[in-house]
Amino acid sequence: MMKVLVVDDERDIQALFEQRFRKEIRNKQIEFEFAFSGEEALKYLDLHGQEAVLILSDINMPGMSGLELLARIKKKHYMPPPVVMMITAYGDAENYKTAKELGADEFLTKPVDFKVLKEKLNINS
Amino acid sequence: MPQWNNKLRWFVYAGIALLVLHFAYRGSDVVTQWLALLLLSGLMYILYDNEVFKQARFLLTAVVPYLVVTAIIYLLTAIDPKLYNLWKPWFEAANSFAVIWGFGTWFITRRQRKELAKARERAIEEEENNKVITAMKAQLEVQVAERTQELTQQKEELELALKELKATQSQLIQSEKMASLGELTAGIAHEIQNPLNFVNNFSEVSNELIDEMKEELATGNQQEALEIADDIKQNLEKINHHGKRADAIVKGMLQHSRTSSGQKEPTDINALADEYLRLAYHGLRAKDKSFNAEMKTDFDENIGKINIVAQDVGRVILNLLTNAFYAVTEKKKQSADGFQPIVSVITKKSHDHVSITVSDNGNGIPAAVQEKIFQPFFTTKPTGEGTGLGLSISYEIIKTNGGEIYMQSKEGEGTEFTIQLPA
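Right, here's the structure in full:
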């Protein structure tokens, strides 16, 4: 079962994901955790490090940005190293470049195309 | 005159000859005397007779009495010496008188002539001066006319320039408004995108859920179907919520671009500060992707509503926030990694006023600059990055709303702006 940590400051993201993946959740294919800030995400990772295999993070968040979170995750060298995908409304080249440089595995733009996301997750699982 | 020069020269020779004669031959006194007299008379006659010598005629008046007296004396001494001796004193007196008369006349005439000449000279000079003066006057009048025309032209040009400046000034103020609106636009676009995403996503999901619900109903799973129905209901509520959110953002943006109606209305200052805080943040993020700052808020719950022109005060808050964000971003660029930019907004109610404080931990404002920051067109930003109007407009707005705006800053540590408004 894939454990996914979703990091986004919008709380309704949780409801959205839980509904979009309701079948997968019901079938125990995937389990979601939600963090509403970079700090929360790191706290979760510190507690459950190796469990979360995949992290989906928004870039544009108050406080610690998604890119900063990405950098810190990569620096901490969790074992096994989690796959980090950035989801964001700012789909521009600069963000893309920075994300790639920092080691992001994927870069998705909002609005999230859940079909595409599901494909990518299947590829990664 | 030249022809006379020669003739007169003969007289001179003759005179000299007579003198020589007189001194050489003592005995010929009488002869020389008579010859001298004749010579002089001859000279006088020439003077009298010729137009050429008109000017020297006074000499006649001077000399003739002497000639006459001398002639009489010579005649008398020749004809009747006894009679002459009888009246000698008288004759000598007359002679002396005639000589004196001669010299006197000569002197007086000379002086008269000199004075006349002087007067004439003066008159000529005056006329010359007058001519010059008249010429100068004419020239001056031409110059004055030219200058007047120049000045009138300059005045017109200046009036035109002043009109243009005023127009430019209002343009600048408007563009400052537009610039702050522009800053908002990107943030607003982002702000709207989020709720719109939810509206789209939740409607899609709800659509799918309805299909699922139909399936469950078909297979008789009423419990499951009811649960799905609850989810759908929640989704619709969320759709409504996010739709309203987008609507409010658009309304806010329109209000900001519209020229303020200037109407004071009861306004929730906490909501206003919060809205503009988020808008400012997103706006700056849109401009500078690497921008990030921690935002702290501390809103006093007891404020309620105060009477202000919401749109204008909101613009002020936006301006202060933009400045604060700029300051911390600048500091971050110059600082080591550990620096955490913080911008905070605090609202507080005192007994007769409400204060809104925007503070940042940026570079602060140097003491030398502090008293200038509210001046129009004063900015420390590089050319093209700021109009320098933000704070001066903010100052005006707060004043118009009956409030005060203060600044406290320490160089290297941070800055704090406080708006006080009557409650």
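These protein sequences, in sequence, are chains A and B. Per the working numbering, the first sequence starts with residue 362, numbered consecutively. Per the working numbering, the second sequence starts with residue 4, numbered consecutively. Just so it is clear, CB atoms sit at the ideal spot from N, CA and C, and this is done for glycine as well. Small disclaimer: the values here were computed from a predicted structure and weren't measured.
query	result
Below 7 Å between beta carbons is the criterion; list the residues of the segment 376-392 of chain A that meet it against any residue of chain B, in chain order.	A376, L377, Q380 and R381
Taking Cβ positions only, does A460 (chain A) come closer than 8 Å to chain B?	no
Tell me, please, whether the segment 447-457 of chain A touches the segment 16-23 of chain B by the rule of three or more beta-carbon pairs shorter than 8 Å.	no
Alpha carbon to alpha carbon, what distance is there between D370 (chain A) and K471 (chain A)?	14 Å
List the residues of chain A that V208 (chain B) touches, going by C-beta distances under 8 Å, in chain order.	L377, Q380 and R381
Of all the beta strand (DSSP E) runs that stay within the bounds of the segment 363-447 of chain A, which reach a length of 3 or more residues?	363-368, 391-396 and 415-419
Using Cβ-Cβ distances below 9 Å, what residues of the segment 295-309 of chain B are close to chain A?	N295, A296, E297 and M298
Look up Q142 (chain B) in the DSSP assignment and say whether it is helix, strand or coil.	helix
Determine the burial state of L22 (chain B): buried for a count of at least 16 other Cβ atoms within 10 Å of its Cβ, exposed for fewer.	exposed
If we cut at 8 Å on Cβ distances, does P423 (chain A) have a partner in chain B?	yes
Report buried or exposed for Q115 (chain B), applying the criterion of at least 16 other Cβ atoms within 10 angstroms of its Cβ.	exposed
Mapping DSSP to helix, strand and coil, what is G107 (chain B)?	helix
Just tell me which of B:K117, B:V33 and B:F110 has its CA closest to the CA of T80 (chain B).	B:V33
Please state whether DSSP places H354 (chain B) in a helix, a strand or coil.	coil
Looking at chain B, is there any beta carbon in it that lies within less than 8 Å of the beta carbon of A454 (chain A)?	no
To the nearest whole angstrom, what separates the beta carbons of A399 (chain A) and M362 (chain A), a pair I think is in contact under 8 Å?	A small fix is needed here, since residue 399 (chain A) is Gly in this sequence, not Ala. Not confirmed; about 25 Å, so no contact.
Nearest to F294 (chain B) by alpha carbon, out of B:L43, B:W37 and B:T332?	B:T332
If you measure beta-carbon to beta-carbon, which residues of the segment 395-415 of chain A are closer than 7 Å to chain B?	none
Find the residues of chain A that neighbour Q196 (chain B), judging by a C-beta separation of less than 9 Å, and give them in chain order.	A450, K471 and P472
Among residues of its own chain, excluding the 5 on either side of S362 (chain B), which ones have a beta-carbon nearer than 6 Å to its beta-carbon?	S347 and E419
Going by DSSP, name the residue or residues bridged to L469 (chain A).	A:I448
So, at 8 Å on beta carbons, what are the nonlocal neighbours of T300 (chain B) in its own chain, with the 5 sequence-adjacent residues on each side left out?	A276, D277, L280, S347, V348 and I349
Does the beta carbon of E480 (chain A) sit closer than 8 Å to a beta carbon anywhere in chain B?	no
State the Cα-Cα distance for the pair A65 (chain B) and W37 (chain B), rounded to the nearest angstrom.	19 Å
Output needed in chain order: residues of the segment 336-351 of chain B with a Cβ under 7 Å from some Cβ in chain A.	none
Which chain B residues sit within Cβ distance under 7 Å of S426 (chain A)?	N295
Quick one, which of A:F382, A:P442, A:E429 and A:Y439 has its alpha-carbon nearest N456 (chain A)'s?	A:E429
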